[in-house]
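Number of protein chains: 2
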Amino acid sequence: MVIMSSQDGETRRAGHTRVAILAAAERLFAERGVMSVSNRQISDAAGQGNNTAVGYHFGTKHDLVRAIVRTHEEPIEHLRAAAIEAMSDPTQIREWAHCLVGPLTAHLASAGSPSWYARFLAQLIADPALHETIADEALSSASLVAIVDGFNRCLPQLSAEVHVERSIMARHLIVNMCAEHERALATRKATPRASWDAAATGLTDAIVGLYQAPVTALAPITKV
Amino acid sequence: MVIMSSQDGETRRAGHTRVAILAAAERLFAERGVMSVSNRQISDAAGQGNNTAVGYHFGTKHDLVRAIVRTHEEPIEHLRAAAIEAMSDPTQIREWAHCLVGPLTAHLASAGSPSWYARFLAQLIADPALHETIADEALSSASLVAIVDGFNRCLPQLSAEVHVERSIMARHLIVNMCAEHERALATRKATPRASWDAAATGLTDAIVGLYQAPVTALAPITKV
DNA sequence: TAATAAGTCAATCAACTGACTTATTACGAT
DNA sequence: ATCGTAATAAGTCAGTTGATTGACTTATTA
Numbered sequence: 015m016v017i018m019s020s021q022d023g024e025t026r027r028a029g030h031t032r033v034a035i036l037a038a039a040e041r042l043f044a045e046r047g048v049m050s051v052s053n054r055q056i057s058d059a060a061g062q063g064n065n066t067a068v069g070y071h072f073g074t075k076h077d078l079v080r081a082i083v084r085t086h087e088e089p090i091e092h093l094r095a096a097a098i099e100a101m102s103d104p105t106q107i108r109e110w111a112h113c114l115v116g117p118l119t120a121h122l123a124s125a126g127s128p129s130w131y132a133r134f135l136a137q138l139i140a141d142p143a144l145h146e147t148i149a150d151e152a153l154s155s156a157s158l159v160a161i162v163d164g165f166n167r168c169l170p171q172l173s174a175e176v177h178v179e180r181s182i183m184a185r186h187l188i189v190n191m192c193a194e195h196e197r198a199l200a201t202r203k204a205t206p207r208a209s210w211d212a213a214a215t216g217l218t219d220a221i222v223g224l225y226q227a228p229v230t231a232l233a234p235i236t237k238v
Numbered sequence: 015m016v017i018m019s020s021q022d023g024e025t026r027r028a029g030h031t032r033v034a035i036l037a038a039a040e041r042l043f044a045e046r047g048v049m050s051v052s053n054r055q056i057s058d059a060a061g062q063g064n065n066t067a068v069g070y071h072f073g074t075k076h077d078l079v080r081a082i083v084r085t086h087e088e089p090i091e092h093l094r095a096a097a098i099e100a101m102s103d104p105t106q107i108r109e110w111a112h113c114l115v116g117p118l119t120a121h122l123a124s125a126g127s128p129s130w131y132a133r134f135l136a137q138l139i140a141d142p143a144l145h146e147t148i149a150d151e152a153l154s155s156a157s158l159v160a161i162v163d164g165f166n167r168c169l170p171q172l173s174a175e176v177h178v179e180r181s182i183m184a185r186h187l188i189v190n191m192c193a194e195h196e197r198a199l200a201t202r203k204a205t206p207r208a209s210w211d212a213a214a215t216g217l218t219d220a221i222v223g224l225y226q227a228p229v230t231a232l233a234p235i236t237k238v
């Protein structure tokens, strides 16, 4: 009756249905686009005769999207914390870059083949109707701010503005390149990198270069 | 009667309606999301009493999206060709990076404030239903391959795979950061960069660093 | 000025969507 | 074991969608 947050007093049956809906939704969202898939289609794909199964268990589509994000957030956050813990030299930019990239690629690699979460995530960032859904949600991770802070200490000569700018760049780079790799794996098309590990290496290289790039001083206003 | 491709024998009236629809669609797409806006809403916003105005002039939503892309492609392509022409030293990576970034930012800056095209573009890349709509369209630009080739000659030590990878990275970086800047301008929120020129400088810096980043050699397969 | 075409409008269609209602089934607490 | 309730199924509802239709208006041409 009431929308359950997680596993309050939900029965085994309801739990099965919930994960079936989450899995079906994530797949359909990645393959056809979040806003192109109706709750009905998701209910059908999840094997539910009831056409309002999504509404019953999650509420609106935005709530469902949030629930999917939360499902992945915890394991990724765990991997991130472990990566920070396992660092050998916190003064090395590359290690921080690996902490930023590794957890997501590792999670996607362990999510089976093909995975769908990266393509799903890319849509959340690009679509204005979905953007606000996770605006603060994914950004307010404890380990994430620790990593951003780690970059800060490695590159003290960078201004705060450039630092914010490049962390945003890194995020776009990671999410979209993971989506790209995921799509290549799903369609068995050619890809520059053979595995998730290799893709992570390429991304880490790029982010190190990105952060270390010289900053061009902006000329005072010369044009109106 | 028949859907017109461009400006074959279209009357002044039809031309007005066409540009009104294109402008309204681009705005609504950027603000609410491409797949969240119906053709009816676009017709209304364009001041057309007819609910089928979009269908009459453009066909399906995909055709409309393509038409919007084509509208911007030409001026951007022109700016890109001019930027290549104006290069002083083709051996400098930064100049090629500027050729990649400058035309889009300049076009967005001249598109009035706020612009909507960058946010629109970001959706086309992320949404699977729209991705194929412009898959080859925007990539098969003559000046674009010239720029990619320019990078190639500047960095001959880079493998072909890494080169392809980093050009894709650069594209994601440019489109998404322009969308980010555009969104900031539209909502008058804080932004790391004050102007489109400044944003272009930040992007150019980043892309130079990205391309120059050392490539980590992949270890032979050590894990199953 | 008459004739033809292009563009616009208003009404309508079937299909689909989310939400609602009712009935049946399965699970868990007692 | 049973009883109450959560969960599922099935049917219905109004609203919206893209598409089609025919009538009307405007522009071009003969």
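These protein sequence lines map, in sequence, to chains H and S.
Residue 145 in this note's numbering sits at position 131 of the first sequence, with consecutive numbering throughout.
Residue 154 in this note's numbering sits at position 140 of the second sequence, with consecutive numbering throughout.
The beta carbon of each residue, even a glycine, is placed where N, CA and C say it ideally should be.
In this text, all values refer to a predicted model and were calculated from it rather than measured experimentally.
**Prompt:** Whose C-beta lies closer than 8 Å to the C-beta of Q55/H among residues of the same chain, with five residues either side of it excluded?
**Reply:** Taking the first residue of the first sequence as 1, we reach residue 55/H at position 41. Result list for Q55/H: L42, in chain order.
**Prompt:** CB-CB under 7 Å to A59/S, same chain, minus the five flanking residues each way: which ones, in chain order?
**Reply:** In the second sequence, the residue the question calls residue 59/S occupies position 45. Cβ within range, chain order: A38 and L42.
**Request:** Could you please tell me which residues of the region 162-181 of chain H, in chain order, have their CB closer than 8 Å to any CB of chain S?
**Result:** E175, V176, V178, E179 and R180
**Prompt:** Where does E99/H sit, in a helix, a strand or coil, going by DSSP?
**Reply:** Within the first sequence, residue 99/H is the residue found at index 85, counting from 1. Helix.
**Prompt:** Starting from P117/H and walking both ways along the alpha helix (DSSP H), at which residues does that stretch end?
**Reply:** Along the first sequence, read from residue 1 onward, the residue named residue 117/H stands at position 103. Taken as a continuous stretch (DSSP letters only), the alpha helix (DSSP H) holding P117/H covers I107 to S124.
**Message:** Cutting at 7 Å between CB atoms, please list the residues of its own chain near L78/H, excluding the five before and the five after it.
**Reply:** Position 64 of the first sequence, counting from 1, holds the residue named residue 78/H. These residues qualify, in order along the chain: A39, V68 and F72.
**Request:** For chain H, find out if any of its Cβ atoms is closer than 9 Å to the Cβ of D219/S; answer yes or no.
**Result:** Here residue 219/S refers to the residue found at position 205 of the second sequence. Cβ-Cβ to chain H under 9 Å: yes for D219/S.
**Message:** Can you look up Q137/H in the DSSP assignment and give me helix, strand or coil?
**Reply:** As a first step, residue 137/H is located in the first sequence; it is residue number 123 there, counting from the start. It is helical.
**Request:** Return helix, strand or coil for P142/H, following the three-state DSSP convention.
**Result:** In the first sequence, residue 142/H corresponds to position 128, counting from 1. DSSP places P142/H in helix when its eight states are reduced to three.
**Prompt:** For the alpha helix (DSSP H) that G223/S lies in, which residues bound it at each end?
**Reply:** Here the question's residue 223/S lines up with position 209 in the second sequence. Looking at the DSSP string, the run of the alpha helix (DSSP H) that includes G223/S is W210 to Q226.
**Asked** Alpha carbon to alpha carbon, what distance is there between S102/S and A160/H?
**Response** Residue 160/H sits at position 146 when you count from the first residue of the first sequence. Residue 102/S sits at position 88 when you count from the first residue of the second sequence. Approximately 43 Å between the Cα atoms of the pair.
**Message:** For chain S, check one thing: does any of its Cβ atoms lie closer than 9 Å to the Cβ of V115/H?
**Reply:** Position 101 of the first sequence, counted from the start, is the residue given in the question as residue 115/H. So no, V115/H is outside the interface.
**Asked** Quick one: is V33/H buried, meaning 16 or more other Cβ sit within 10 Å of its Cβ, or exposed?
**Response** As a working note, residue 33/H is residue 19 in the first sequence. With fewer than 16 other Cβ atoms within 10 Å, it is exposed.
**Request:** Put I148/S into one of helix, strand or coil per three-state DSSP.
**Result:** Here the question's residue 148/S lines up with position 134 in the second sequence. Of the three classes helix, strand and coil, the one that applies to I148/S here is coil, per DSSP.
**Prompt:** Looking only at its own chain, which residues have a Cβ that is under 7 Å from the Cβ of W244/S, when we skip the five neighbours before and after it?
**Reply:** Since the displayed chain S opens at 15 and closes at 238, residue 244/S lies outside it and no answer follows.
**Request:** Can you tell me the Cβ-Cβ gap for L93/H and H121/H, rounded? I've got them flagged as a contact below 8 Å.
**Result:** By one-based count along the first sequence, residue 93/H stands at place 79. By one-based count along the first sequence, residue 121/H stands at place 107. Yes, they are in contact, since the Cβ atoms of L93/H and H121/H sit about 6 Å apart, within 8 Å.
**Message:** Please give me, in chain order, every unbroken run of the beta strand (DSSP E) with length at least 3 that falls completely inside the region 173-214 of chain H.
**Reply:** none
**Message:** Contact defined as beta carbons within less than 8 Å: I believe G116/H pairs with A214/H. What is the distance between those atoms, to the nearest angstrom?
**Reply:** What you label residue 116/H is simply residue 102 of the first sequence in a count that begins at 1. What you label residue 214/H is simply residue 200 of the first sequence in a count that begins at 1. With a Cβ gap of about 6 Å, G116/H and A214/H count as contacting.
**Request:** Within the same chain, show all residues whose beta-carbon is closer than 7 Å to that of A81/S, passing over the 5 residues directly before and after it, in chain order.
**Result:** Working through the second sequence from its first residue, we reach residue 81/S at position 67. Around A81/S: L36 and F72.
**Message:** Cutting at 8 Å between CB atoms, please list the residues of its own chain near W210/S, excluding the five before and the five after it.
**Reply:** Counting from one through the second sequence, the residue named residue 210/S turns up at place 196. So the qualifying residues of the chain are T119, A120, L122, A123 and H195.
**Message:** Quick check on DSSP: helix, strand or coil for Q171/S?
**Reply:** Taking the first residue of the second sequence as 1, we reach residue 171/S at position 157. Q171/S: coil per DSSP, three-state reduction.
**Item:** Own chain, CB closer than 8 Å to L138/S, minus 5 neighbours either side, in chain order
**Value:** By 1-based counting over the second sequence, the position of residue 138/S is 124. Same-chain partners within the cutoff: V48, V79, V83, L144, H145, T147 and I148.
**Request:** With 9 Å as the threshold, decide whether the Cβ of Q62/S is near any Cβ in chain H.
**Result:** Counted from its first residue, the second sequence places residue 62/S at position 48. No, no contact with chain H.
**Prompt:** Secondary structure at V229/S, three-state DSSP: helix, strand or coil?
**Reply:** As a position in the second sequence, residue 229/S is number 215, starting the count at 1. Coil at V229/S, not helix or strand.
**Prompt:** Within the 9 Å Cβ cut-off, does L199/H reach chain S?
**Reply:** Position 185 of the first sequence, counted from the first residue, corresponds to residue 199/H. No - not a single Cβ of chain S is within 9 Å of the one on L199/H.
**Asked** How many Å lie between S20/S and P89/S at the Cα?
**Response** Here residue 20/S is taken as the residue at index 6 of the second sequence, counted from 1. Here residue 89/S is taken as the residue at index 75 of the second sequence, counted from 1. Summary for S20/S: the model assigns pLDDT 40, below 50, so the residue's position carries little reliability; its value from the coordinates is reported in the next sentence. Roughly 15 Å separates the two Cα atoms.
**Prompt:** By Cβ distance below 8 Å, which residues in the same chain neighbour I17/S in space, the five residues on each side in sequence not counted?
**Reply:** The residue labelled residue 17/S in the question sits at position 3 within the second sequence. Note that I17/S has pLDDT 44, beneath the 50 cutoff, so the model's placement of it is unreliable and no number is given.
**Request:** Throw me the rounded Cβ distance for the I98/H and S157/H pair, which I believe falls under 8 Å.
**Result:** As a first step, residue 98/H is located in the first sequence; it is residue number 84 there, counting from the start. As a first step, residue 157/H is located in the first sequence; it is residue number 143 there, counting from the start. With a Cβ gap of about 6 Å, I98/H and S157/H count as contacting.
**Message:** Does any residue of chain S have a CB that is nearer than 9 Å to the CB of P128/H?
**Reply:** Looking up residue 128/H in the first sequence gives position 114. Judged by the 9 Å Cβ criterion, P128/H is not in contact with chain S.
**Request:** Identify whether P128/H lies in helix, strand or coil by the three-state DSSP scheme.
**Result:** By one-based count along the first sequence, residue 128/H stands at place 114. Coil at P128/H, not helix or strand.
**Asked** Mind listing which residues of the region 67-81 of chain H have their C-beta closer than 8 Å to chain S's C-betas, in chain order?
**Response** none
**Asked** Can you tell me whether H86/H is buried or exposed, with buried defined as 16 or more other CB within 10 angstroms of its CB?
**Response** The sequence position of residue 86/H within the first sequence is 72, counting from 1. Looking at its Cβ environment, which holds 16 or more other Cβ atoms inside 10 Å, H86/H is buried.
**Prompt:** Mind listing which residues of the region 129-150 of chain H have their C-beta closer than 8 Å to chain S's C-betas, in chain order?
**Reply:** R133, A136, Q137, I139, A140, D141, P142, A143 and L144
**Asked** For the alpha helix (DSSP H) that contains S57/S, what are its first and last residues?
**Response** The sequence position of residue 57/S within the second sequence is 43, counting from 1. Its alpha helix (DSSP H) spans residues N53 to A59.
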